Amino acid sequence: MIARWFWREWRSPSLIIVWLALSLAVACVLALGSISDRMEKGLSQQSREFMAGDRTLQSSREVPKAWLEEARKRGLNVGEQLTFATMTFAGDTPQLASVKAVDSVYPMYGELQTCPDGVKPQPGSVLLAPRLMALLNLKTGDTIDVGDVTLRIAGEVVQEPDSGFNPFQMAPRLMMNMADVAKNRCDTAGESRDVEV
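Take a look at the structure:
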């Protein structure tokens, strides 16, 4: 009896509309779930690239070495950065620069776009923003004085993966190797230390 009733009602136009509406609702819920999963994965990947790591610890003081060693013991990939503003010189021409000192791990995620391609700041060399090169009338292969050290220009920084909008960063970028900071006695007032994990 129930089967007969179901078969009779199934063919009625009003029930067909209900079944179509229900099917459409289920399809919409499944589609939205799939879209939200894709968006979440995409945003997660982009946030990694935006920070150039999974997590970032930022401090105005040096991060204790014990913390870094403990993170490495736990199998985490750790990278360090130091940012500060200082005066640079090309001969007698001074120019304020926003310095970012990075280690060999930088960037963990994303791509550092340089000209020529694939260049990273090695000890004794720097990468300059095109604006800084133009202001000081420099080109790749020339030298620039940063504090007490003279460094060779290895290329230009075209795009940093972790460069967000900072209205207070008026000075053009100079990217150097972290090893050169120890040799350098430039003023690092207002420095910011980042540790990416």
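In UniProt numbering, the protein residues as written are 1 to 197.
Every residue gets a Cβ at the ideal spot worked out from N, C-alpha and C, and that includes glycine.
Everything numeric in this text was worked out from a predicted model, so none of it was measured.
- In the structure shown, the three-state DSSP call for lysine 65 is helix.
- Ranking Ser125, Arg173, Met39 by CA distance to the CA of leucine 135 puts Arg173 first.
- Sorting Glu62, Asp117, Thr143, Met108 by C-alpha distance to the C-alpha of leucine 76 places Met108 at the top.
- With the rule of 3 Cβ pairs closer than 8 Å, the region 81–99 does not count as touching the region 110–118.
- Ranked by Cα distance from glutamine 169, the options Asp103, Leu96, Ser125, Glu156 are led by Leu96.
- Per DSSP, proline 94 is one residue of the beta strand (DSSP E) stretching across 93–102.
- The alpha carbon of leucine 82 has as its nearest neighbour, out of Leu57, Arg72, Ala66, the alpha carbon of Leu57.
- Distance from valine 99 to methionine 176 at the Cβ level is roughly 6 Å; contact confirmed, criterion being Cβ atoms closer than 8 Å.
- One alpha carbon belongs to aspartate 103, the other to proline 121, and they sit about 9 Å apart.
- Scanning Gly147, Glu156, Val149, Ser14 for the CA closest to the CA of leucine 138 turns up Glu156.
- Ranked by Cα distance from alanine 154, the options Ala3, Lys65, Leu127, Glu40 are led by Leu127.
- Alanine 129 carries a coil assignment under DSSP once its states are collapsed to helix, strand and coil.
- Counting along the chain, no beta strand (DSSP E) covers alanine 182; the unbroken alpha helix (DSSP H) around it starts and ends at 178–183.
- By the C-beta density criterion, valine 78 is buried, having at least 16 other C-beta atoms within 10 angstroms.
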